[in-house]
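> The structure that follows is given in the form of structure tokens.
Residue numbers (my numbering): 1 to 127.
Take a look at the structure:
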């Protein structure tokens, strides 16, 4: 019985990892269509704080200034078209963006950060 439980647990982990890999591939494909930068050449970092947090996208190559130049002009693209309108925290943030000091919006922002890190896989990290 213990062996059967272990096999079932291993199969569940495999299916979960397979779905996660599929999700990462989906996000990478959408990112190529929407983001004004190359996902393969950047790392997303989401740093939570008691007051919200800071999200940065950093070029993995210090010589690549094109990404920074795009951000300087406000060219960020649309995360909802990549991650989907049901992304955790997104709706709450859209509805209450003027009240970012509200604890529920800080929680929503943290959920949004977690979803981005999860969706972007090896291209993102908490930090």
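All C-beta atoms in this analysis are idealised placements derived from N, C-alpha and C, irrespective of residue type, glycine included.
#1: Where residue 109 and residue 115 are concerned, what is the direct C-alpha to C-alpha distance, given to the nearest angstrom?
#2: Quick one: residues in its chain with C-beta nearer than 8 Å to the C-beta of residue 43, no 5 flanking neighbours on either side, listed in chain order?
#3: Quick one, are the C-beta atoms of residue 84 and residue 112 less than 7 Å apart?
#4: Here's a check: name, in chain order, each residue in its chain whose Cβ is nearer than 7 Å to the Cβ of residue 23, leaving out the five neighbours to either side.
#5: Tell whether a beta-carbon distance below 7 Å holds between residue 82 and residue 31.
#6: What does the Cβ neighbour count give for residue 104, buried or exposed, with the cut at 16 atoms within 10 Å?
#7: Can you pull the DSSP bridge partners for residue 126?
#8: Roughly how far, in whole angstroms, is the beta-carbon of residue 46 from the beta-carbon of residue 33, given that I think they are within contact range, below 8 Å?
#9: What residue range does the beta strand (DSSP E) around residue 59 cover?
This is what the structure gives:
#1: 10 Å
#2: 57, 58, 60, 123, 124, 125
#3: no
#4: 119
#5: yes
#6: exposed
#7: 46
#8: Between residue 33 and residue 46 the Cβ distance is about 22 Å, and since that is not below 8 Å, they are no contact.
#9: 52 to 59
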